[in-house]
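The opening residue of the sequence shown carries number 604 in the numbering used here; numbering runs sequentially from there.
All C-beta atoms in this analysis are idealised placements derived from N, C-alpha and C, irrespective of residue type, glycine included.
Just so we're clear, the structure is a prediction, and the values are computed from it rather than from any experiment.
Below: the structure, in structure tokens.
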Amino acid sequence: MDLSELKKEQVKLASRISLQDGFSSISTIGGAACVQVGDKLAGAVVVCEFPSLKLIEKQTFVLSDPLPHKPGFAAYREMPALIEAFNKLEKEPDVLLVEGEGIAHLRRIGIASHLGLVLNIPTIGVADKLSIGAVKEGKIIVDLEVLGFEIKTREHSNPVYASPGHLISLGSVLNILKQTIVYPHKMPEPLHLASKIARKVK
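Structure representation (structure tokens):
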């Protein structure tokens, strides 16, 4: 992995990210997550009805030779598995939740943004750690700019951090995420299901 070249590519791609809603209504919502399986990587994508969150489809793909883990470059490691799983879907979701960062990323293009660009689909990044900026009044602030939200999904549990991926506005991120939390799960339900299915492959 030539990280200096990948950084240049990320900066270039980040300029193409749109923070305007690429949908008029939502009837389905997806989740995409990866799990390490020995020296392989299992990617899972689910599609749920919205707002009921009833599971209607799931697909997986096992990547046999993933790139090594490098902070800030998760997309290059995990996207091949997620794209293969996504391409097997019979029905694409209107919005896809992705485990990882959206624009709340050092170069404004985490895996959710990168995947959204590649698939040309509205995406939201949901991470369990904050990798950039500070949280003030529930908002992720970087250089005086709001890049996402800290969302408390479960009592006595650390929050999750949501940011727009691609083709979605900040307001829609907050509105959609609040409708995907199912007690007692910490992660939004489509991501909880995708992670669970990926772990079953393991």
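Residue interval of the beta strand (DSSP E) (run including residue i)
i                 : result
phenylalanine 807 : Not covered by the structure: residue 807. The range shown for the chain is 604 to 805.
glycine 646       : 643-652
alanine 737       : 737-739
glutamine 782     : Element bounds for glutamine 782: n/a, residue is neither H nor E.
isoleucine 659    : 658-666
Own chain, CB closer than 6 Å to residue i, minus 5 neighbours either side, in chain order
i             : result
aspartate 746 : none
alanine 801   : Ala636, Val638, Ala645 and Ala647
proline 683   : Leu666
Burial state of residue i (16 or more Cβ within 10 Å)
i              : result
leucine 606    : exposed
aspartate 697  : buried
glycine 641    : exposed
alanine 737    : exposed
lysine 661     : buried
proline 669    : buried
glycine 713    : buried
arginine 619   : exposed
histidine 795  : buried
histidine 672  : exposed
methionine 604 : exposed
histidine 759  : exposed
Residues that DSSP places opposite residue i in a beta bridge
i              : result
glutamine 639  : Leu644
tyrosine 764   : Ala730 and Glu753
isoleucine 632 : Cys651 and Val698
histidine 769  : Thr726
isoleucine 744 : Ala737 and Val749
Reduced DSSP category for residue i - H, G, I as helix; E, B as strand; rest coil
i              : result
isoleucine 686 : helix
glutamate 681  : helix
histidine 717  : helix
serine 798     : helix
glycine 705    : coil
serine 775     : helix
glutamate 792  : helix
lysine 673     : coil
lysine 805     : coil
Sequence-distant residues of the same chain with beta carbon closer than 7 Å to residue i, five excluded per side
i           : result
glycine 719 : Pro725, Thr726, Gly768, His769 and Leu770
Residue i, enclosing alpha helix (DSSP H) - first and last residue
i             : result
glutamine 613 : 606-617
Close Cβ partners of residue i (< 8 Å) along its chain, the five nearest in sequence each way excluded
i              : result
isoleucine 659 : Thr631, Val650, Cys651, Glu652 and Lys694
glutamate 687  : Gly646, Phe664 and Leu666
lysine 732     : Tyr764
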